[in-house]
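S.K.:
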Amino acid sequence: MATPAIELDHVTKIYRRYSGRQFATLKSALLQRSIVKDLSKSETFPALVDVSFSVPKGCTYGVIGRNGSGKSTALKLVAGITKPTEGRVTVNGRISALIELGAGFHPEISGRENVFINGIMLGLSKKEIEHRFDEIVEFAELEEFIDAPVKTYSSGMYMRLGFAVAIHVDPDVLLVDEVLAVGDEGFTHKCLDKFAEFRRRGKTILLVTHSLGLVERFCDEAIWIDEGRAQGHGDPKRIVGAYLTAVEKNEETQLATETARAVAAVSAAPEPPPEPARPETAQPEGELRDMFQAVEGRWGSREIEITHVALHDQHGQPAHVFHTGDPMSIHLTVQAQRPATDFVFGVSLFNVDGVCCYGTNTFIEQMDPQRLEGEAEVTFAIDSLDLVEGTYKLDVAVHNCDGYPYDYHRLLYTFRVKSRTPDTGIYRPKHRWSFKGAVEFKPPTS
Amino acid sequence: MLSNLANLVRYRGLIQSLVTRELKARYRGSVLGFLWSFINPLLLLSIYTFVFTKVIPNRNELAQPYAVFMFCGILPWNWFSSSLMEASGSLVCGGNLIKKVLFPAEILPLVNVLANMVHFFLGLTILIAFLVYYQHWPDLAGLIWFPVVVAVQLVFTAAMSLFLAALTVHYRDIRDLLSNLLMLWFFATPIIYPWQDKNVQIYRWVFQLNPFTHLAVSYQEILFFRGPVGQATWLLGLGAGSIVLFLAAYWFFDRLRDSFAEAV
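From first to last, the protein sequence lines stand for chains Y and B. Last residue of the first sequence: 462 (the numbering used here), numbering continuous. Last residue of the second sequence: 247 (the numbering used here), numbering continuous.
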């Protein structure tokens, strides 16, 4: 195979944590060309650890990862703006980096002059710029304002001009750092078209982005970096999938902690006086009123106590993150102080706006209570969680048929529903589209 | 290091346009614009003339007309001191460029030096106008030394600027210290008093340690006193020293280069 366009070979980049101490660093910078070499571990911060990857010529390569994972550091290393602390970075061909657009613009002078200076900075000759000048201005959609000082530009205009210059450098390797959010819809499309043109002409693109859809659609390969380490590279679909799983796992832990904290807070607090009998018979008006006092809390006489609440996924494992359409079950462990004959179990789901998405209880579903003694388990199983993406909160309660609360847990349990489709609303009915007549859609791109 | 130095030649187009930008941007938005480059030295010279002929007349016979004498030293000094002040802050101010664009950082201080050199030349026209006004003709044969003294000052200033720019990235204190040091240096240089003064001649060897003495005296000998350019040997020595100093400063700058993007 031909030489790769970009190659990172066991690259480690260590930054200095900011501290007042500077004397040792100047000496080491002079003697060892590194300002981190003789600093102790607590004074440094590894941004990238032993990362290797290589991008073949003509490949569009995606870099994904959480904020602060080291993506941008990797890009800066490739651009040559910083040097690796260890390892080697090799790039073949002219680079243009869309890292900070219009970084060299001087606010006082005109757009025209800035295009020239910026272009020269990025490695073009004066002649080349003259040649492409009209194209650049047209791309930036700034024909009218090109002779005005750049300080009068809006931030969108500024970015567009910076983008236009950078992309007209005609590099062999284009580095893009999350700059597609520069303009309006139309401009973004133009940028994507330009990238597609680059691809067709066999140029190499390194794309750092949070837009996973873009990576899947656009990239031939991808790498996922987390906490400075490469977590995997290869097929973008697979990498994005792995990344999403990890994000979910992380959310899972966060939600678990959040829930545990909420439960602990209300359980530790002195029990509020039992509220006046609330009509928990779930008449619409009753639910509506609840919605407006959507404060988390716990109350009730505890004659029957909900000792534990768990959400389980399809494998019966406790979970806090679910996918639209997945099964979910709510498990309540209840403990009756003495045998009871009058009890109702209730469950309702709220979205973040406090809108009740669904609420029900055993009473309105006409289940007649007979006996509850000692510890018991209650399971509310949902076959298909047909909610759109979002964060939801859960009410669980046990009370008597008149609404007198034994134990009411208000909005204490949080779970998240994930979806690959950005549809809106609350509820996603199971659905499919069908057409008659001359209606055609392109088959989905792989 | 040498390849980097050679690279600098490749970037001359950029240096040129950055100098132009620097000059254009300086007066952008002012009514008189570029004329200020002439008006400023003109006003300065008028003030000196007024002060030293009317308020506190300077009767030093070695240096008459005094304002013109003084101006011969002040113009190059301004070039030197402004360059150093601006260059020392150049990497810190241009931090955005260094961090985001692959760009030889030494261009920034050098651009400051060159932009100030252009101002020096513009100021020179005012000096010439005054020399004509006072009918004070310098020795024409001595004028061939003028490009030499300018070249020596350019190399010397560039060397100092590179050194200070690199150091200021790590020690921001320099910028504050520098203005005071420059003030001291100004008074320690025969600019507002003539070198030939007998009080100065007593401490001759101390003054000779000051590199700017040779520059200032050379300018005075070329432009003001009617030859001979007695300082020429010293000047050539300083030129050789400046080249060595420049290479040393460039080495220093080059070694610290990798730390700029992180320390800025």
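Backbone N, C-alpha and C fix where the C-beta goes; we use that ideal spot for every residue, glycine too. These figures come from a predicted structure and were not determined experimentally.
For the candidate residues Y/Leu208, Y/Ser112, Y/Thr106 and Y/Arg432, whose alpha-carbon lies nearest to that of Y/Phe155?
M.R.: Against the first sequence, residue 155 of chain Y aligns to sequence position 139. When each option's Cα is compared against that of Y/Phe155, the closest is Y/Leu208.
S.K.: Within its chain, find whatever has a CB closer than 7 Å to the CB of Y/Ala293; leave out the 5 residues flanking it on each side and keep chain order.
M.R.: On the first sequence, residue 293 of chain Y is found 277 positions in, with the first residue counted as 1. Because Y/Ala293 carries a pLDDT of 44, less than 50, the predicted location of this residue cannot be relied on, and the following value inherits that uncertainty. Answer for Y/Ala293: Asp418, Gly419 and Tyr420, listed in chain order.
S.K.: Starting from the Cα of B/Phe113, find the closest Cα among B/Leu27, B/Leu228, B/Val138 and B/Glu89 and give me that residue.
M.R.: In the second sequence, the residue the question calls residue 113 of chain B occupies position 130. Closest option to B/Phe113, Cα to Cα, is B/Leu27.
S.K.: Thinking Y/Val94 and Y/Ile241 are a contact (beta carbons under 8 Å), I'd like their distance in whole angstroms, please.
M.R.: Locating residue 94 of chain Y in the first sequence gives position 78, counting from the first residue. Locating residue 241 of chain Y in the first sequence gives position 225, counting from the first residue. At roughly 13 Å, the Cβ-Cβ gap does not stay under 8 Å, so Y/Val94 and Y/Ile241 are not in contact.
S.K.: Alpha carbon to alpha carbon, what distance is there between B/Trp128 and B/Leu218?
M.R.: The sequence position of residue 218 of chain B within the second sequence is 235, counting from 1. The sequence position of residue 128 of chain B within the second sequence is 145, counting from 1. Straight-line Cα distance between these residues: approximately 10 Å.
S.K.: Pick helix, strand or coil for Y/Asp406, following the three-state DSSP scheme.
M.R.: Here residue 406 of chain Y is taken as the residue at index 390 of the first sequence, counted from 1. Residue 406 of chain Y is actually Gly in this sequence, not Asp. Here Y/Gly406 sits in strand by DSSP.
S.K.: So with Cβ pairs under 8 Å, would you call B/Ser13 a contact of chain Y?
M.R.: In the second sequence, counting from the first residue as 1, residue 13 of chain B sits at position 30. Answer no: the Cβ-Cβ gap between B/Ser13 and chain Y never drops below 8 Å.
S.K.: Checking contacts by CB at 8 Å: is Y/Pro460 closer than that to chain B?
M.R.: By 1-based counting over the first sequence, the position of residue 460 of chain Y is 444. Chain B, which has no Cβ nearer than 8 Å to the Cβ of Y/Pro460, makes this no.
S.K.: Between Y/Cys372 and Y/Phe366, is the Cβ-Cβ spacing less than 8 Å?
M.R.: As a position in the first sequence, residue 372 of chain Y is number 356, starting the count at 1. As a position in the first sequence, residue 366 of chain Y is number 350, starting the count at 1. Contact: yes.
S.K.: Tell me the DSSP secondary structure of Y/His226 in three-state form.
M.R.: Walking along the first sequence from the start, residue 226 of chain Y turns up at place 210. Correct three-state label for Y/His226: coil.
S.K.: Taking DSSP's pairing of strands, which residues face Y/His339 in a bridge?
M.R.: Taking the first residue of the first sequence as 1, we reach residue 339 of chain Y at position 323. Paired residue(s): Y/Lys434.
S.K.: Can you tell me which of the three DSSP states Y/Pro252 falls into?
M.R.: In the first sequence, counting from the first residue as 1, residue 252 of chain Y sits at position 236. Helix, per DSSP.
S.K.: Starting from B/Gly224, follow the alpha helix (DSSP H) in both directions and report where the run begins and ends.
M.R.: Position 241 of the second sequence, counting from 1, holds the residue named residue 224 of chain B. Note, B/Gly224: alpha helix (DSSP H), Ala215 to Ala246.
S.K.: Under 8 Å Cβ-Cβ, which residues of chain B neighbour Y/Phe132?
M.R.: On the first sequence, residue 132 of chain Y is found 116 positions in, with the first residue counted as 1. Near Y/Phe132 (Cβ distances below 8 Å), the residues of chain B are Ser0.
S.K.: Just checking, does the stretch 222 to 233 of chain B make contact with the stretch 202 to 210 of chain B on the three C-beta pairs under 8 Å criterion?
M.R.: The stretch 222 to 233 of chain B is not in contact with the stretch 202 to 210 of chain B.
S.K.: Kindly list, in the order they appear in chain Y, the residues whose Cβ is closer than 9 Å to that of B/Val84.
M.R.: Here residue 84 of chain B corresponds to residue number 101 of the second sequence, with the count starting at 1. Going along chain Y in sequence order, the residues near B/Val84 (Cβ under 9 Å) are Ala95, Ile97, Ala113, Ile115, Glu116, Ala119, Gly120, Asn134, Met137 and Leu138.
S.K.: Please report whether the beta-carbon of Y/Arg245 lies at a distance below 8 Å from any beta-carbon of chain B.
M.R.: The sequence position of residue 245 of chain Y within the first sequence is 229, counting from 1. Not one chain B Cβ lies under 8 Å of Y/Arg245.
S.K.: Going along chain B in order, which residues have a C-beta closer than 7 Å to the C-beta of Y/Lys142?
M.R.: Walking along the first sequence from the start, residue 142 of chain Y turns up at place 126. Going along chain B in sequence order, the residues near Y/Lys142 (Cβ under 7 Å) are Gly(-4).
S.K.: Can you look up Y/Ala95 in the DSSP assignment and give me helix, strand or coil?
M.R.: Numbered from 1 along the first sequence, position 79 holds the residue referred to as residue 95 of chain Y. Y/Ala95 falls in the helix class under three-state DSSP.
S.K.: Going by DSSP, what residue range makes up the beta strand (DSSP E) through B/Val75?
M.R.: Within the second sequence, the letter at position 92 stands for residue 75 of chain B. Where B/Val75 is concerned, there is no enclosing beta strand (DSSP E), although the alpha helix (DSSP H) it sits in stretches over Tyr49 to Cys76.
S.K.: What residue from B/Pro87, B/Gln47, B/Tyr49 and B/Asp156 has the CA that sits closest to Y/Ile97's CA?
M.R.: What you label residue 97 of chain Y is simply residue 81 of the first sequence in a count that begins at 1. Comparing Cα positions, the closest option is B/Pro87.
S.K.: So which residues of chain B does Y/Glu124 contact, with C-beta pairs closer than 9 Å?
M.R.: As a first step, residue 124 of chain Y must be located in the first sequence, where it is residue number 108. The contacting residues are Arg4, Lys7, Ala8, Arg9, Arg11 and Gly12.
S.K.: Under the three-state reduction of DSSP, which class applies to Y/Thr376: helix, strand or coil?
M.R.: Residue numbering aside, residue 376 of chain Y sits at position 360 when the first sequence is read from its first letter. Y/Thr376 falls in the strand class under three-state DSSP.
S.K.: Can you tell me whether B/Gly16 is buried or exposed, with buried defined as 16 or more other CB within 10 angstroms of its CB?
M.R.: Counted from its first residue, the second sequence places residue 16 of chain B at position 33. Answer is exposed; the Cβ neighbour count stays below 16.
S.K.: Between the Cα of B/Leu161 and the Cα atoms of B/Arg42, B/Gly72, B/Val131 and B/Val94, which residue gives the shortest distance?
M.R.: For the purposes of this step, residue 161 of chain B is taken as residue 178 along the second sequence, with counting starting at 1. When only C-alpha atoms are compared, the closest one is B/Gly72.
S.K.: At the level of alpha carbons, what is the spacing between Y/Gly406 and Y/Gly250?
M.R.: In the first sequence, counting from the first residue as 1, residue 406 of chain Y sits at position 390. In the first sequence, counting from the first residue as 1, residue 250 of chain Y sits at position 234. Each residue's Cα considered, the two are about 30 Å apart.
S.K.: For B/Asn(-10), does the count of other Cβ atoms within 10 angstroms reach 16, so buried, or fall short, so exposed?
M.R.: For the purposes of this step, residue -10 of chain B is taken as residue 7 along the second sequence, with counting starting at 1. Flag for B/Asn(-10) reads exposed.
S.K.: At what residue ranges does the stretch 76 to 109 of chain B contain a whole run of the alpha helix (DSSP H), taking only runs of 4 or more?
M.R.: If we require 4 residues or more, the alpha helix (DSSP H) runs fully inside the stretch 76 to 109 of chain B come out as 78 to 83.
S.K.: Could you spell out the range, first to last residue, of the alpha helix (DSSP H) harbouring Y/Arg215?
M.R.: Here the question's residue 215 of chain Y lines up with position 199 in the first sequence. Looking at the DSSP string, the run of the alpha helix (DSSP H) that includes Y/Arg215 is Glu201 to Arg216.
S.K.: Name, please, each residue of chain Y whose Cβ falls closer than 8 Å to the Cβ of B/Leu80.
M.R.: Locating residue 80 of chain B in the second sequence gives position 97, counting from the first residue. What B/Leu80 touches in chain Y: Ala119, Gly120 and Met137.
S.K.: Using CA atoms only, rank isn't needed, just tell me which of Y/Gly109, Y/Tyr31 and Y/Asp329 is closest to Y/Glu23.
M.R.: Locating residue 23 of chain Y in the first sequence gives position 7, counting from the first residue. Of the listed residues, the one whose Cα sits closest to Y/Glu23 is Y/Gly109.
S.K.: With the cut-off set at 8 Å, would you say B/Leu58 and B/Leu74 are in Cβ contact?
M.R.: Counting from 1 along the second sequence, the entry for residue 58 of chain B is found at position 75. Counting from 1 along the second sequence, the entry for residue 74 of chain B is found at position 91. No. Outside cutoff.
S.K.: Which residues in chain B sit within 8 Å of Y/Glu232, going by Cβ to Cβ distance?
M.R.: Taking the first sequence and counting its residues from 1, one reaches residue 232 of chain Y at position 216. Neighbours of Y/Glu232 on chain B: none; closest Cβ ~28 Å, over 8 Å.
S.K.: I'd like to know whether the C-beta atoms of Y/Leu403 and Y/Glu312 end up nearer to each other than 8 Å.
M.R.: To locate residue 403 of chain Y, count along the first sequence from 1; it is residue 387. To locate residue 312 of chain Y, count along the first sequence from 1; it is residue 296. It is not a contact, given that the beta carbons lie outside the stated cut-off.
S.K.: Chain B beta carbons: is any one of them nearer than 8 Å to that of Y/Pro165?
M.R.: Position 149 of the first sequence, counting from 1, holds the residue named residue 165 of chain Y. Cβ-Cβ to chain B under 8 Å: yes for Y/Pro165.
S.K.: Can you tell me which of the three DSSP states B/Leu192 falls into?
M.R.: For the purposes of this step, residue 192 of chain B is identified with residue 209 of the second sequence, where counting begins at 1. Three-state result, B/Leu192: helix.
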